[in-house]
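Colleague: One rule links them: number in my numbering = place in the sequence shown (from 1) + 73. Think of the CB as a built atom: it goes at the ideal place given N, C-alpha and C, for glycine as much as any other residue. Since the model is a prediction, treat every value here as computed from it, not as a measurement. Pasting a structure below so you can have a look.
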Amino acid sequence: MQMNFESLVSGLKARMMQPLPGIEVQYRMAPLGRRSISDNFDVSKARESAVLILLYPENSRIYLPLTQRNEYDGVHSAQISFPGGKTEKSDRDSEHTALRESEEELGIDPDKVEVIGKLSELFIPVSNFRVLPILGINEQKPEFKPDPKEVKKILEVDIEFLLDQKLRKSTYMNFKSGMGTDVPYFDLQGHIVWGATAMILSELSQVLSEIQDS
């Protein structure tokens, strides 16, 4: 992406005031059959959560952090995700949720994050969560302090890679339920980034592409 950090931030702030690409763009990176499954759920009863998409500059490039979860007995074990989590009663709003969880998981100082918008909310059927992606910026790379109980690894992703169509691939996955399906994914640093994270990245990459072409 031939754009410096200041130009990107300016473009994003302007773009966030317009209608978002939305769910149709998210579904470009959704597992086969995901839409029909979601349509059979009462989304209004889903638990609320939020994640943080944090952009920061380093060495004339622009990055965002993803985390690899530790392995545990759950549906999202070892997956690649944005920092974030479920909304607590003490949270003022979704922005507060995303910043609080990011501080807990990665040590990101919320006072240094400027929130500039949000992407489209999406529903995760397997865990019954509604997820709101919060878009924020840091003027410099955060001093990451990952929580070893939650985070196995941090992936610092150059956002230019999100626009590289060669890194969008597909594979067949078998799930614990015994079912399997074709799953599109981003191949980032050798990791299969799929599911809700890939859907959010799909919408983010569309926004970045629009800014680049403007």
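Under the DSSP definition of a beta bridge, which residues are partnered with N247?
Modeller: N247 pairs with G253.
Colleague: Near L274, which residues of its chain fall below 8 Å by C-beta distance, leaving aside the five closest residues on each side in sequence?
Modeller: Cβ within range, chain order: M102, L235, F259 and V266.
Colleague: If you follow the beta strand (DSSP E) that A151 is part of, which residue opens it and which one closes it?
Modeller: That residue, A151, is in no beta strand (DSSP E); it is neither H nor E in DSSP.
Colleague: Could you say if the stretch 91-107 and the stretch 176-185 meet the contact criterion of at least three C-beta pairs nearer than 8 Å?
Modeller: As far as the Cβ criterion goes, the stretch 91-107 does not touch the stretch 176-185, which means the pair count is below three.
Colleague: Check each candidate in M90, P215 and K162 and name the one with the smallest Cα separation from G180.
Modeller: Measuring from the Cα of G180, the nearest candidate turns out to be P215.
Colleague: Between S21 and the rest of its own chain, which residues show a CB-CB distance below 6 Å, the 5 nearest in sequence each way excluded?
Modeller: As displayed, the chain neither begins before 74 nor continues past 287, which places residue 21 out of reach and without an answer.
Colleague: On the criterion of 16 or more Cβ atoms from any shown chain inside 10 Å, does R88 qualify as buried, or is it exposed?
Modeller: Burial call: buried.
Colleague: May I ask which residues mark the beginning and end of the beta strand (DSSP E) holding E131?
Modeller: R120 to E131 is the span of the beta strand (DSSP E), which, as asked, contains E131.
Colleague: Would you list the residues sitting across from P206 in a DSSP beta bridge?
Modeller: Answer by DSSP bridge pairing, in chain order: V124.
Colleague: Report all residues from its chain with a CB closer than 7 Å to the CB of A171; omit the five preceding and five following residues, and keep chain order.
Modeller: Contacts found: A123, V124, L125, G157 and I207.
Colleague: Where does R165 sit, in a helix, a strand or coil, going by DSSP?
Modeller: Note: R165 maps to coil in three-state DSSP.
Colleague: Restricting to Cα atoms, I'd like to know which of L128, D237 and F155 is closest to N77.
Modeller: If we check each option's Cα against that of N77, L128 comes out closest.
Colleague: By alpha-carbon positions, which one of D286, N113, E283 and M90 ends up nearest to I197?
Modeller: When each option's Cα is compared against that of I197, the closest is N113.
Colleague: Would you mind sorting S278 into buried or exposed? The rule is 16 or more other CB atoms within 10 Å of its CB.
Modeller: By the neighbour-count rule (16 or more Cβ atoms within 10 Å), S278 is buried.
Colleague: What is the DSSP secondary structure of Q285, counted as helix, strand or coil?
Modeller: Looking at Q285 - three-state DSSP - the assignment turns out to be helix.
Colleague: When you compare the CB positions of I288 and T270, do they come within less than 7 Å of one another, or not?
Modeller: The chain is shown only over 74 to 287; residue 288 falls outside these bounds and no answer can be derived.
Colleague: For the beta strand (DSSP E) containing K226, name the first residue and the last one.
Modeller: Element bounds for K226: V224 to D231.
Colleague: Quick check: F202 and A119, are their CB atoms within less than 7 Å of each other?
Modeller: In this structure, A119 lies closer than 7 Å to F202 by Cβ.
Colleague: Tell me whether G106 is buried or exposed, calling it buried when 16 or more other Cβ atoms sit within 10 Å of its Cβ.
Modeller: Exposed: under 16 other Cβ atoms inside 10 Å.
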